[in-house]
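Residue numbers (full-length UniProt numbering): 1 to 249.
Using N, Cα and C, we set each Cβ at its ideal position, and we do this for glycine too.
Computed from a predicted structure; not experimentally measured.
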Amino acid sequence: MEIIRLEHIDKYFGERKALDDFSLSVKEGEFLTVIGRSGCGKTTMLKMINGLHTPDRGRVLVEGTDISQTDPIALRRRIGYVIQNKGLFPHMTVEKNITYVPVISGKKNKEENRKNAARLLKTVGLEEEMLKRYPNELSGGQQQRVGIARALAADARILLMDEPFGALDEITKQAMQDEILRLHKELGITIVFITHDIREAMKLGDRVLVMDQGRALQSDTPRNIYRSPASEFVRQLTRAGSGVDLRME
Ligand SMILES: Nc1ncnc2c1ncn2[C@@H]1O[C@H](COP(=O)(O)OP(=O)(O)O)[C@@H](O)[C@H]1O
Ligand SMILES: [Mg+2]
């Protein structure tokens, strides 16, 4: 079943066209990775999905509904959004960060919220004792795990991730990649994941989308992208991924 659909989107920032007749269909449960040069429109595209940007032309459908017809706040609560750093509220404990959306959505039972936060921490591989800490008392990798837990707290079925592991050291990054693969498998959520790391895109994605100049150039399995790039540009871009263990499925 299709869960996200972008139809012929144009998006301008002044004179600059950030998205150019951009279309995309994402199936429920899919793990889509997105690569492309800096400034090619990846973040703009991602923000279209949760209504942080509105298209100048075209439509965005989430779970079959045109999002211009839905309450933007409700939409954003249903869709987890994970970005590099800056994602957590620095003045709130880990527990407050994770339960923020449930609480503002009306879930006021403190004990239940705490239990839920502890369960989510466990899901992302952290100890319950972290609940009382503040973001600056956590390592980068731990902060990123909390960011994912918070995104999951609203029972999100869709996770949008914008270069979430870009600032992590290589070892932590690999651990987080394995973690997100496990979560994807366990929870059956749909993930759209932007990265500038080709190897990461190839390792994580069921499907890889290559963008350039606001357009979708190719989207296919890592294996097919690598074996049959649609253009010289795609070949150049994905060549850096040589030697990667391509997922077989
Ligand atoms: N809020 C904005 N105002 C003006 N220009 C923007 C804004 N957001 C993005 N852009 C421009 O749109 C283009 C695409 O940006 P972006 O989607 O952030 O690219 P990417 O995430 O692929 O690096 C870039 O040229 C960028 O400068
Ligand atoms: Mg970006």
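In this structure, the CA atom of Arg215 is about 21 angstroms from the CA atom of Arg223. Judged by pairs of C-beta atoms under 8 angstroms, the region 146-156 touches the region 88-103, as three or more such pairs exist.
For Asn136, the CB contacts under 7 angstroms within the same chain, skipping 5 residues up- and downstream, are Pro90 in chain order. According to the DSSP assignment, Val192 belongs to the beta strand (DSSP E) that extends over 190-194. In the DSSP assignment, Arg207 falls within the beta strand (DSSP E) that extends over 207-212. In the DSSP assignment, Leu75 falls within the unbroken alpha helix (DSSP H) covering 72-78. Burial check for Lys203: the Cβ neighbour count within 10 Å reaches 16 or more, so the residue is buried. Sorting Gly188, Glu15, Gly29, Gly14 by C-alpha distance to the C-alpha of Met1 places Gly29 at the top. Take the alpha-carbon of Gly188 and the one of Gly205: they are about 14 angstroms apart.
Here Thr65 carries a strand assignment [DSSP, helix/strand/coil]. By the neighbour-count criterion, in which 16 or more other beta carbons inside 10 Å mark a residue as buried, Ile198 falls on the buried side.
When the Cα atoms are used, Ile79 and Arg239 turn out to be separated by approximately 33 angstroms. No heavy atom of ligand 2 is found nearer than 7 angstroms to the CB of Thr65. Look at the beta carbons and you see the region 222-237 not touching the region 65-80: under three pairs across the two are nearer than 8 angstroms. Residue pairing of Lys17 in beta bridges, as defined by DSSP: Tyr12. About 11 angstroms separates the beta carbons of Thr33 and Thr221, which is beyond the 8 angstroms limit, so they are not a contact pair.
With a cutoff of 7 angstroms, Arg16 counts as near ligand 1, since its C-beta is closer than that to a heavy atom of the ligand. Annotated three-state conformation of Thr33 is strand, per DSSP.
Listed as beta-bridge partners of Asp162 by DSSP are Ile83, Ile194. Runs of the alpha helix (DSSP H) lying entirely within the region 88-153, each at least 4 residues long, are 94-104, 110-123, 140-153 in chain order.
When Val82, Thr93, Lys47, Glu95 are compared, the shortest CA-CA separation from Pro72 is found for Lys47. Setting aside the 5 residues that flank it on each side, Lys17 is surrounded in the same chain by Gly214, each with a C-beta closer than 6 angstroms to its C-beta; the list follows chain order. Sequence-distant partners of Glu128 (beyond 5 residues in either direction) whose C-beta falls short of 8 angstroms from its own C-beta, in its chain, are Ala118, Leu121, Lys122.
The three-state secondary structure of Glu28, taken from DSSP, is coil.
In the DSSP annotation of this structure, the continuous segment of the beta strand (DSSP E) that includes Ala216 starts and ends at 215-220.
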